[in-house]
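Participant: Pasting a structure below so you can have a look.
Residue numbers (our numbering): 9 to 86.
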């Protein structure tokens with residue numbers, strides 16, 4: 009399993025609905041509200057052979073209320 013971090017920009021007034029929908033998927037390891045350009049930061053673990061782009065599009069970015077996403081891949085924990 010490898011950790012992936014995703015920042016989400018939500019439509020105005022939709023952040024809590026998006027957060028609730030994300031938790032309902034039971035795929036999210038951690039979820040935080042953030043300041044700045046993005047509203048939410050989440051951590052999800054995916055299988056090593058998983059197509060990350062497809063996973064994000066199918067399970068996260070498709071949630072209503074998400075305007076934009078930024079995915080950060082990780083390499084090695086120190």
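Ideal Cβ placement from N, Cα and C applies to all residues, glycine included.
Classify residue 48 as helix, strand or coil using the three-state DSSP reduction.
Facilitator: Sequence index remark: in the chain shown, residue 48 carries index 40 (1-based). Reduced to three states, the DSSP call for residue 48 is strand.
Participant: Identify, in the order they occur along the chain, each residue of the same chain with its Cβ nearer than 7 Å to the Cβ of residue 5, setting aside the five sequence neighbours on each side.
Facilitator: In this structure the chain extends from 9 to 86, so residue 5 is not present and cannot be described.
Participant: So, at 8 Å on beta carbons, what are the nonlocal neighbours of residue 31 in its own chain, with the 5 sequence-adjacent residues on each side left out?
Facilitator: The sequence position of residue 31 within the chain shown is 23, counting from 1. Answer for residue 31: 39, listed in chain order.
Participant: What does the alpha-carbon distance come out to for the pair residue 23 and residue 47?
Facilitator: Numbered from 1 along the chain shown, position 15 holds the residue referred to as residue 23. Numbered from 1 along the chain shown, position 39 holds the residue referred to as residue 47. Roughly 7 Å between the two C-alpha positions.
Participant: Roughly how many angstroms separate the alpha carbons of residue 21 and residue 43, rounded to a whole number?
Facilitator: The count along the chain shown starts at 1 and reaches residue 21 at position 13. The count along the chain shown starts at 1 and reaches residue 43 at position 35. Roughly 14 Å between the two C-alpha positions.
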